[in-house]
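This report concerns only the one structure given below.
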Amino acid sequence: MQIHIHMTKMITTHSLQYFFTTVTPGISLPEFTAVGQVDAEQAEYYDSNNRTLVLKVNWLKKSDDEEHWKMKLQSAANQEELNKSLLSEVLKLLNQTKQKFHTLQRMTGCELDDDGSKRGYDQFGYDGEDLVRLDLNSETWIAAVPQVLPFTQTSSTQPSIQFIQHACINWVQKYVKYGKSVLERKDRPEVSLFQKNSSSPVVCHATGFFPKAVMITWQKNGEDLNEDVELRETLPNQDGTFQKRSILTVSPEELKNNNYTCVIQHSSLEKELVLLVSDLSVGLIVGVMVGALLLVIIICAAVFIWKRRSSGE
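Positions 1 to 313 (the UniProt record's numbering) are the ones given, in order, by the sequence shown.
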């Protein structure tokens with residue numbers, strides 16, 4: 001299989017997001033928990049039982065910024081009181097009580113691109129359903145259910161806007177500086193095409209890449225192809241890298257009579273990778289898969305025999 005290389009450049013994005021969960025009292029869970037994620041990796045944790053800020057990644061633990069962490073601890077305590085109060089207000093608006101289990105979830109954060117572009121969001125959920133979200137363009141709260149309209153009309157959006165546009169962005173820049181060797185590393189993807197048989201979909205797979213952002217697209221005779229394409233979710237690998245696949249459903253006739261390519265773009269690549277589907281050898285790949293399966297069976301059988309002999313049976 002040949003891999004062709006075209007010039008490309010992907011924007012690198014760093015993100016900081018917080019998940020606040022508040023529950024009605026009377027169960028074994030903390031009434032309030034806060035989780036902070038940097039580039040989708042859990043970095044901070046706080047709950048109402050311990051009321052301490054726990055740093056989850058080594059590059060934050062090594063940072064010498066005691067005043068910042070004192071401020072973050074106070075911020076988490078403030079969020080605890082605020083979100084408990086918000087849960088009580090939502091219960092009243094929905095005419096519900098604390099006698100039953102209810103949850104108020106909040107997700108807020110920001111993203112910063114290496115070209116300076118910024119984005120942010122703040123949204124609430126209640127018992128797993130959308131409740132309220134912040135519209136940054138109109139600087140208003142948008143209610144998903146009519147019962148909470150009074151909340152959207154009386155609650156100021158300015159604290160959320162100030163956090164998203166200023167504090168959050170400043171913290172992203174600070175954390176990227178702390179974790180530069182980890183957060184700004186570039187791991188190239190390992191790419192492959194495979195197909196179980198001639199009538200099966202064609203899978204374009206990339207793995208081992210970092211950072212998380214990647215683009216996998218298909219082309220037919222040099223034109224972008226969006227139909228009959230299933231793009232799967234980006235998944236983490238155990239080593240901290242990521243993997244992703246895109247699946248193209250195409251008939252054997254179409255595959256034979258047209259030129260299909262899979263295009264991979266990632267910030268670790270100076271040029272995009274182009275994989276030619278015409279170079280795909282179905283028989284070879286199936287053979288490799290069968291051979292790998294047989295190897296696993298042989299290894300398992302050998303381990304089983306060794307264990308039986310070791311136990312004296």
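Backbone N, C-alpha and C define an ideal beta-carbon position, used for all residues, glycine too.
- Judged by their CB atoms, P189 and T207 are nearer to each other than the 8 Å cut-off.
- Here F32 is near T22, since their CB atoms are less than 8 Å apart.
- Across the structure, L82 and G179 are spaced so that their CA atoms are roughly 30 Å apart.
- By the neighbour-count criterion, in which a residue is buried when 16 or more other Cβ atoms sit within 10 angstroms of its Cβ, V54 is exposed.
- Here the alpha carbon of E67 sits roughly 40 Å from the alpha carbon of K244.
- With a cut-off of 8 Å on Cβ pairs, the segment 143 to 160 is not in contact with the segment 180 to 199, counting fewer than three such pairs.
- Pairing S246 with F210, the inter-Cα distance amounts to about 18 Å.
- Counting along the chain, the unbroken beta strand (DSSP E) around Q123 starts and ends at K118 to Y126.
- Taken atom to atom, the span from the alpha-carbon of E41 to that of N257 is near 44 Å.
- If you draw a straight line from the Cα of A213 to the Cα of Q99, it is about 44 Å long.
- If only complete runs of 4 or more residues are kept, the segment 28 to 94 shows the alpha helix (DSSP H) at 58 to 61 and 66 to 93, in order along the chain.
- Non-local beta-carbon contacts of P30 in its own chain, meaning distances under 6 Å to residues more than five positions away in sequence, involve D47, S48 and N49 in chain order.
- With a cut-off of 8 Å on Cβ pairs, the segment 131 to 151 is in contact with the segment 89 to 105, counting three or more such pairs.
- Between the C-alpha atoms of N221 and Q195 there is a straight-line separation of about 20 Å.
- Of the candidates S198, L280 and T234, S198 places its Cα closest to the Cα of P252.
- Across the structure, G120 and M107 are spaced so that their CA atoms are roughly 10 Å apart.
- The DSSP assignment places 202 to 209, 214 to 220, 223 to 225 and 229 to 231 as complete runs of the beta strand (DSSP E) inside the segment 202 to 232, in order along the chain (cut-off: 3 residues).
- Residue pairing for Q105: DSSP places it in a beta bridge opposite T21 and G125.
- For Q173, the uninterrupted alpha helix (DSSP H) run begins and ends at C168 to Y178, by DSSP.
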